[in-house]
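Its first residue numbered 205, the sequence shown is counted upward by one per residue in my numbering.
A virtual CB, placed ideally from N, CA and C, is assigned to each residue, including glycine.
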Amino acid sequence: MKEFDKGLAQFRKLWEPRFSQLDDVLQTMKNKKL
205 MKEFDKGLAQ FRKLWEPRFS QLDDVLQTMK NKKL
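Below, the structure written as structure tokens:
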């Protein structure tokens, strides 16, 4: 279980900034439509 948790932590570290950027882009697009 610890190995899985370690892998998940690496995955999260890699993807969280990307999802955050995506969220910013989507929010900007949504604001421009209004």
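Tell me the residue span of the alpha helix (DSSP H) that contains residue i.
i: Met233; result: 206-237
For residue i, which residues in the same chain have their Cβ closer than 7 Å to its Cβ, ignoring the five residues on either side in sequence?
i: Ser224; result: none
Which residues in the same chain have their Cβ closer than 8 Å to the Cβ of residue i, if we skip the five residues on either side of it in sequence?
i: Thr232; result: none
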